[in-house]
Amino acid sequence: MKRILVACGNGIATSTVVATKIREKCEEAGISVTVTQCKLLEVEAKADDYDLLVTTGKFTGGSVKCPTVGAMSLLTGINEEATLNEILSYLK
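Here is the structure:
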């Protein structure tokens, strides 16, 4: 099972939307995942325990070692499918 950390400004609203879309896409693709939400400020303390970091806000990378995907498109709908495919590529 792959572990995904989804981070947004407060770890509540936009990360919930993004997490739901990721779960649905992974289910369609037959990929078993656990998706956890957090605040952008918590990322560096938590990311080492995850296979992928998905953010909806500006994150410069810090000391995070796992792959990071910017997911603003999952909120705007512009290039949403490309972002979901990028996420899947890191999980396969």
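Heads up, the sequence shown is in this note's numbering, so the first residue is 799 and it goes up one at a time. Every residue, glycine too, gets a C-beta built ideally from N, C-alpha and C.
Are the Cβ atoms of residue i and residue j separated by less than 8 Å?
i	j	result
Ile876	Ile820	no
Ala805	Leu851	yes
Thr866	Thr854	no
Asn808	Lys837	yes
Gln835	Thr814	yes
Leu889	Ile829	yes
Met799	Val831	yes
Does DSSP classify residue i as helix, strand or coil?
i	result
Ile820	helix
Lys837	strand
Thr866	strand
Ile829	coil
Thr812	helix
Ile876	coil
Lys844	helix
I think residue i touches residue j, with their Cβ atoms under 8 Å apart; what is that distance to the nearest whole Å?
i	j	result
Leu849	Ile802	In the sequence on display, residue 849 carries Asp and not Leu. Contact holds; Cβ gap of about 7 Å.
Lys862	Glu842	Inspection of the sequence shows that residue 862 is occupied by Val rather than by Lys. Yes, they are in contact, since the Cβ atoms of Val862 and Glu842 sit about 6 Å apart, within 8 Å.
Ser887	Glu878	That pair is no contact at about 15 Å.
Identify every residue that forms a DSSP beta bridge with residue i.
i	result
Ile802	Val833, Leu850
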